[in-house]
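Q: Residue numbers for the sequence shown follow numbering that gives the first Met the number 0, so the first one is 0 and each next one is one higher.
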Amino acid sequence: MEKELKTNAVKLSPEEQYQIRNSIVRLSKKGKTNDEIAEILDVSERHKEEIEVFYLPPYAPEYNPDELVNSDLKRSVGGNTSPQSKEVLEHNVRSHLRSLQLDPSKISSFFNAPYTNYAA
Numbered sequence: 000m001e002k003e004l005k006t007n008a009v010k011l012s013p014e015e016q017y018q019i020r021n022s023i024v025r026l027s028k029k030g031k032t033n034d035e036i037a038e039i040l041d042v043s044e045r046h047k048e049e050i051e052v053f054y055l056p057p058y059a060p061e062y063n064p065d066e067l068v069n070s071d072l073k074r075s076v077g078g079n080t081s082p083q084s085k086e087v088l089e090h091n092v093r094s095h096l097r098s099l100q101l102d103p104s105k106i107s108s109f110f111n112a113p114y115t116n117y118a119a
């Protein structure tokens with residue numbers, strides 16, 4: 000028997016979405032004051048029905064999908080012979096990232112890894 004999903008989520012206006020997104024981004028940057036952190040926690044509490052907050056350790060690259068992208072890039076570009084110039088290196092990086100853009104399954108895999116699936 001399938002469970003019916005129920006939600007109390009309220010549709011947010013673009014301005015509210017922007018405010019929440021910016022608040023979370025600001026919180027993620029180092030050197031926050033207690034007032035700034037309190038503001039973020041206040042925003043997340045007011046919108047707890049619309050967003051899900053994940054509290055991560057201060058340093059946890061294994062939980063960050065960006066780190067998987069970086070690792071993939073390093074394996075791909077670094078696995079080849081050393082580039083002969085900065086331009087060649089830049090070309091190799093851009094080429095790999097372009098090919099990654101065209102591979103949605105690869106992008107999804109970064110979010111479905113064991114430690115990053117919370118972000119999917």
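Using N, Cα and C, we set each Cβ at its ideal position, and we do this for glycine too.
Span of the alpha helix (DSSP H) holding Gly77?
A: It spans 64-77 - the alpha helix (DSSP H) in which Gly77 sits, taken as one unbroken run.
Q: Can you list, in chain order, the residues of its chain with a C-beta nearer than 8 Å to that of Pro60? Leave out the 5 residues immediately preceding and following it.
A: Closer than 8 Å at Cβ, skipping near neighbours: Glu66.
Q: How long is the line joining the alpha carbons of Leu72 and Pro82, rounded to whole angstroms?
A: One C-alpha to the other measures close to 14 Å.
Q: Where does Asp102 sit, in a helix, a strand or coil, going by DSSP?
A: Coil, per DSSP.
Q: Near Ala8, what residues of its chain come up, given a Cβ to Cβ distance below 7 Å and the 5 sequence neighbours on each side ignored?
A: The predicted position of Ala8 is uncertain, since its pLDDT is 45 and thus under 50; a value taken from the coordinates is nonetheless stated next. Closer than 7 Å at Cβ, skipping near neighbours: Glu48, Glu49.
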